[in-house]
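The sequence shown begins at 8 in the numbering used here and counts up by one. The C-beta atom is built at its ideal place from N, Cα and C for all residues, glycine as well.
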Amino acid sequence: MSEPVERGGAADPIVDRLLTAVDDPAFVCDPSGDIVVGNEELAAVLEPSGDSVANRSLADVVSCEQGLLDRAVRTGEVTRTSGRFVDGPACAIVCRPVDRGGEVERVVVECALAVDDPETEDWAAVRLAGLLSELPVVVVGVDADGVVEYCRGLDFESVECDRADVVDAPIDRFTGVSEDVVGWSERALEGETAGGQATLGDRSFQVRFTPLKTGEAVVGAVGVAVEVTDRERHQRELEAARGRLDVALEGTDAGIYEWEIGENRVYWHETTSRLFGLDTDTTYRPRGAFGERVHPDDRDRVREYLFSAIEDGEREVRTEYRVVRPDGELRWMVTQGNVQYENGEPDRLTGMVRDVTERKEREQDLEAREGKLRAVIESSPDPIAMQDPSGCYQVVNEAMLERTGCERAALDGAVPADVFDPTVARRLEHHRERVLDSQRAMVVEEAFPTTEGDNTVQLSIAPYHGPDGDVQGTVTIARDVTELERQRDELETLTEIQGLVQESVRALAAATTREEIKRTVCERLAGSRFYEFAWIGERAPSSREVEPSCVAGNPDGYLDEVTVTVDPADSGRGPGGRAYRSGDVQVVHDVAEDSDFEPWRESALERGFRSLAAVPLTNGSTTHGILAVYASEANAFSKRELAGFKTLGDVVGFALSAAQYRRLLEADTVLELEFEVRSGDSPFIAASEEHDCRLIIDHAAHTTEEHVINYLTVEGADPALGRTVANRLPTVEQIRELDRGDGPHFELTITDSVFQYLANAGARGKRGVIEDGVGHLSVEAPGDIDIRSVTAAVERRFGPVDLSAKREKHRTDSPWWHPSGDFEAQLTDRQRSVLRTAFYSGYYEWPRETDAETLADSLDVASTTVLQHLRKGHRHVLETMFES
């Protein structure tokens, strides 16, 4: 027998025994073919050439079939071939893989010198005897007939027989001992490698039968049995230990690992694999499998730390890192381990891996919250200070430094008495002690003196607690609420003023005459605590002056000394004249400073008037006058207040127009006015002259969106001319043809209508007739109306016009019945518009020329709304007639 020589790696007792038991040249290599150790017989073959096995590979020693070693490693089975030593004799080569933990770690390569012809029938038996003698395993050789020719290493007592009962006996002699052994040998004689685990008595063996071939013919089989009794016992003990470890690790976020330093494999407990999201059935993994799962940003740091710790002789290691699982999930891990040393050299690293993702997320969340809190404290415009129980400042923000004018170092450890006025410091200390005693937050307001007077500061003081719940001091937030208090007072005042304006608007609903409307507004404004007096002025009929028509409060002769006009002259440049001309609210915030108010300044200041607002009273295009309101303080009118006055002016203007129109409806005497229009750009005037025809426009009703519906009749020409001409008028939005032979022929929906302007002025347009290139507009107005306002309304639409006729008319005609009242006065404006539109559009003709849907489209309302207004309008008319 030989001895192993030239070791290139760690000792392996089984490999050593295999090499010792082989009489032919043999060596052990790793799966890549690098030789680890060879026996003396191999050295004897190589010595003549002076070669050594050190740092050599299989290919450097023997020349044989390519892929022989790879096949043995890949399949885990014995492979054979013939070959020769490099620059040496021929040999028979056998590769026997050595399996450890399911992986081939080493390969034993036997190189039998070919003293016999490998093709002879006796070659297999000779080689079998030579190769298997003295091996530390049970070896059985069987010839092609199934007769045992060789058996060594077998404990015959375990099978209750002698060597003579086995050798030269059929292999089925073992049937009573193990049927599997007999079956595996028969399969080997059929050319198939077979084997498995068998039990002989109380001992366990790992058995493998391999066919022996000469060329393609099977000439026998060799069976090798390695006792695994101790290995199984150790395996059971290991499984029990792992079971106890699994129980100990169950419910925790921890896994176990062990790395034999210098080896390229690491033991992973299944919990460790689970933490990394890997297959839990794999126990050993290459060292690189750990690095692959570590986040790329942490990989170099972790590797450098572990290797540096081992090189520096550290016995404990600990590091945190991120792991990217195969599914992409990111988890935080912490590795803790102990480095074990043998003979002063690091031998293995054993430790634990724990998933600390939740803890890390909590820490990150806490850091983020603390960061936000610090950012909030520093970005707060309000001073913030934290004090310990003794009152010393511990933390202050930038705003605190700015307000106190101190450096941060000066405030650190200081007390309020070192920073503030003694009186202020005593009050602050008193509030802080109250909070500490009660352990409850409190909010107080204090006056802090400044160079511009006292500022009101709101102090929010609260205790803050440590991790154990004990009070560790107070935190104070100081907010200057001086401006807020002023705004609050201003808001309360504004709310009261808006209430006053709204109350005035509501009161207008009960006023039925122009005098009542004006008196209601002036008295309510002048009677409040905010204003000194108020007056309403209207343009005088014979001049451009604004004459007071209603006064409330105490003007103290002011209106007798001043003159306000509507023209832009000196007396019209003030707020009253500007408001009348522009239609916008005008304000003088400070009488003493406003240069445009110079003509009236002295009279106003003598009576204590410091500010005023002038409000135009408008309705559509008609300005009825102005409302002037005076206050005893400068800047008494805010923007919101002026917006309220704008609304009040619109409501009063509408109320004055409505009262004036009501007078027109109820008056016994009215003015009939006729205007001649000769505007050269009117398509109707041009058409009447070109086609020698007569065009008649009757006013019907106002719609809800500032539209007016008129009805057009064409006389002396084809009615189709009406559509052609109306299409040329940019203010016509809709044309609807009516199927009425004698007219009207078309319904026109018009914007920017002269009838709307007349209504705003308190008058009513009755009819427009255009013939021979001249338009004649008939208007009805109250007897006391300012005719200039009516003329201005017409000129607003057509430019310069001529008043061709003015007649006073008494309403003496009476119907065949005697109504109990004016039925038209009983109708709302909407009901009157709907009834009039329905009448002119042919709704009451038989058969009907217009249905409810078409009527609704004209009025831009729902058909149900039209029917509702018609029914209510009919009822009012019938009640007035039949109850008379």
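What's the call for Arg495, buried or exposed, on a 16-neighbour Cβ count within 10 Å?
Start at 1 with the first residue of the sequence shown, and residue 495 comes out as number 488. Arg495 comes out exposed.
Would you mind working out which of Ala788, Ser387, Val715 sits nearest His817, comparing C-alpha positions?
Along the sequence shown, one-based indexing puts residue 817 at 810. Measuring from the Cα of His817, the nearest candidate turns out to be Ala788.
Given Thr287, which residues of its chain have a CB within under 7 Å of its CB, disregarding the five upstream and five downstream residues?
Taking the first residue of the sequence shown as 1, we reach residue 287 at position 280. Counting only Cβ-Cβ distances below 7 Å, and skipping sequence neighbours, we find Glu277, Ser280, Arg281.
Of all the beta strand (DSSP E) runs that stay within the bounds of the stretch 373-403, which reach a length of 3 or more residues?
391-394, 400-403
Put Glu539 into one of helix, strand or coil per three-state DSSP.
In the sequence shown, residue 539 corresponds to position 532, counting from 1. Here Glu539 sits in coil by DSSP.
What residue range is occupied by the uninterrupted beta strand (DSSP E) comprising Arg215?
The count along the sequence shown starts at 1 and reaches residue 215 at position 208. The continuous beta strand (DSSP E) containing Arg215 extends over residues 210-221.
If we call anything under 8 Å between Cβ atoms a contact, is Ile704 one with Glu754?
Position 697 of the sequence shown holds residue 704. Position 747 of the sequence shown holds residue 754. Not closer than 8 Å, so no.
Take Val231 as the anchor and find which of Lys379, Val149, Ile263 has the nearest alpha-carbon.
Locating residue 231 in the sequence shown gives position 224, where the first residue counts as 1. Ranking Lys379, Val149, Ile263 by Cα distance to Val231 puts Val149 first.
Does Leu4 pass the burial test, meaning 16 or more other C-beta atoms within 10 Å, or should it be called exposed?
In this structure the chain extends from 8 to 891, so residue 4 is not present and cannot be described.
Between Ser760 and the rest of its own chain, which residues show a CB-CB distance below 6 Å, the 5 nearest in sequence each way excluded?
Counted from its first residue, the sequence shown places residue 760 at position 753. Cβ neighbours of Ser760 beyond the five flanking positions: Val715.
Determine the burial state of Gly351: buried for a count of at least 16 other Cβ atoms within 10 Å of its Cβ, exposed for fewer.
Here the question's residue 351 lines up with position 344 in the sequence shown. Counting Cβ neighbours within 10 Å, Gly351 comes out exposed, since fewer than 16 surround it.
Glu117: buried (16+ other C-beta within 10 angstroms of its C-beta) or exposed?
In the sequence shown, counting from the first residue as 1, residue 117 sits at position 110. Glu117 should be labelled buried.
Identify, in the order they occur along the chain, each residue of the same chain with its Cβ nearer than 8 Å to the Cβ of Arg804, setting aside the five sequence neighbours on each side.
Here residue 804 is taken as the residue at index 797 of the sequence shown, counted from 1. Closer than 8 Å at Cβ, skipping near neighbours: Asp759, Ser760, Val761, Tyr764.
Would you check if there are 3 or more beta carbon pairs closer than 8 Å linking the stretch 365-379 to the stretch 456-472?
no
Put Gly775 into one of helix, strand or coil per three-state DSSP.
Position 768 of the sequence shown, counted from the start, is the residue given in the question as residue 775. If DSSP states are grouped into helix, strand and coil, Gly775 belongs with the strands.
Please list, in chain order, all residues of the same chain as Ala176 whose beta carbon is under 8 Å from its beta carbon, the five residues on each side excluded.
The sequence position of residue 176 within the sequence shown is 169, counting from 1. Closer than 8 Å at the Cβ level, and outside the excluded window around Ala176, lie Val154, Val155.
Can you pull the DSSP bridge partners for Ala621?
Sequence index remark: in the sequence shown, residue 621 carries index 614 (1-based). In the DSSP output, where bridge partners are listed per residue, Ala621 has Gln593, Ala635.
Quick check: what's the CA-CA separation for Asp657 versus His698?
Here residue 657 refers to the residue found at position 650 when the sequence shown is read from its first residue. Here residue 698 refers to the residue found at position 691 when the sequence shown is read from its first residue. Their backbone Cα atoms lie some 45 Å apart in a straight line.
From the DSSP output, in three-state form, read off Leu680 for me.
Residue 680 sits at position 673 when you count from the first residue of the sequence shown. Three-state DSSP puts Leu680 in a strand.
Looking at the structure shown, is Pro125 part of a helix, part of a strand, or coil, going by DSSP?
For this step, residue 125 is matched to residue 118 along the sequence shown. For Pro125, the predicted model reports a pLDDT of 44, less than 50, meaning its position is unreliable and no value from the coordinates is stated.
Look at the Cβ atom of Val346, then the Cβ atom of Tyr328, and state whether they are nearer than 8 Å.
For the purposes of this step, residue 346 is taken as residue 339 along the sequence shown, with counting starting at 1. For the purposes of this step, residue 328 is taken as residue 321 along the sequence shown, with counting starting at 1. Going by C-beta atoms, Val346 is not nearer than 8 Å to Tyr328.
Given a cut-off of 8 Å, decide if Val101 and Glu112 are closer than it, judged by their beta-carbon atoms.
As a position in the sequence shown, residue 112 is number 105, starting the count at 1. As a position in the sequence shown, residue 101 is number 94, starting the count at 1. In this structure, Val101 does not lie closer than 8 Å to Glu112 by Cβ.
For Pro931 versus Gly480, is the C-beta spacing smaller than 8 Å?
A question about residue 931 goes unanswered here, because the residues of the chain that appear run from 8 up to 891.
Among Ala559, Val69, Leu634, whose alpha-carbon lies nearest the alpha-carbon of Arg546?
Reading the sequence shown from its first residue, position 539 is the one you call residue 546. Comparing alpha carbon positions, the residue from Ala559, Val69, Leu634 closest to Arg546 is Leu634.
Taking its Cβ as the centre, do 16 or more other Cβ atoms sit within 10 Å of Asp334, making it buried, or is it exposed?
As a working note, residue 334 is residue 327 in the sequence shown. Looking at its Cβ environment, which holds fewer than 16 other Cβ atoms inside 10 Å, Asp334 is exposed.
Can you have a look at Arg814 and say buried or exposed, based on whether 16 or more other CB atoms are within 10 angstroms of its CB?
Locating residue 814 in the sequence shown gives position 807, where the first residue counts as 1. Burial call: exposed.
With 16 other CB atoms within 10 Å as the buried threshold, where does Lys379 fall?
As a working mapping, residue 379 is identified with position 372 in the sequence shown. Lys379 should be labelled exposed.
Per DSSP, which one or two residues make a beta bridge with Ile100?
Within the sequence shown, numbered from 1, the residue matching residue 100 stands at position 93. Residue pairing of Ile100 in beta bridges, as defined by DSSP: Thr88, Cys118.
With a 10 Å radius around its C-beta and 16 neighbouring C-beta atoms as the bar for buried, classify Asn734 as buried or exposed.
Taking the first residue of the sequence shown as 1, we reach residue 734 at position 727. Exposed, because fewer than 16 other Cβ atoms sit within 10 Å of the Cβ of Asn734.
Alpha carbon to alpha carbon, how far is Ser610 from Leu566?
In the sequence shown, counting from the first residue as 1, residue 610 sits at position 603. In the sequence shown, counting from the first residue as 1, residue 566 sits at position 559. Each residue's CA atom was taken as its position, placing Ser610 and Leu566 some 9 Å apart.
Out of curiosity, what's the CA-to-CA distance linking Gly198 and Thr217?
For the purposes of this step, residue 198 is taken as residue 191 along the sequence shown, with counting starting at 1. For the purposes of this step, residue 217 is taken as residue 210 along the sequence shown, with counting starting at 1. Going from the Cα of Gly198 to the Cα of Thr217 covers about 8 Å.
Per DSSP, what kind of secondary structure is Leu736 in: helix, strand or coil?
For this step, residue 736 is matched to residue 729 along the sequence shown. Secondary structure of Leu736 (DSSP, three-state): coil.
Would you call the CB atoms of Gly632 and Val553 closer than 8 Å?
The count along the sequence shown starts at 1 and reaches residue 632 at position 625. The count along the sequence shown starts at 1 and reaches residue 553 at position 546. Going by C-beta atoms, Gly632 is nearer than 8 Å to Val553.
Would Gln779 and Ser686 qualify as a contact pair, given that the criterion is a beta-carbon distance under 8 Å?
As a first step, residue 779 is located in the sequence shown; it is residue number 772 there, counting from the start. As a first step, residue 686 is located in the sequence shown; it is residue number 679 there, counting from the start. What sits at residue 779 in the sequence shown is Asp, not Gln. Taking 8 Å as the Cβ cut-off, Asp779 and Ser686 do not qualify as a contacting pair.
Can you tell me whether Ala571 is buried or exposed, with buried defined as 16 or more other CB within 10 angstroms of its CB?
Against the sequence shown, residue 571 aligns to sequence position 564. According to the sequence provided, residue 571 is Val. The question's Ala does not apply to it. By the 10 Å Cβ count, Val571 comes out buried.
Could you compute how far the alpha carbon of Arg536 sits from the alpha carbon of Arg614?
Reading the sequence shown from its first residue, position 529 is the one you call residue 536. Reading the sequence shown from its first residue, position 607 is the one you call residue 614. A direct Cα-to-Cα measurement between Arg536 and Arg614 gives close to 17 Å.
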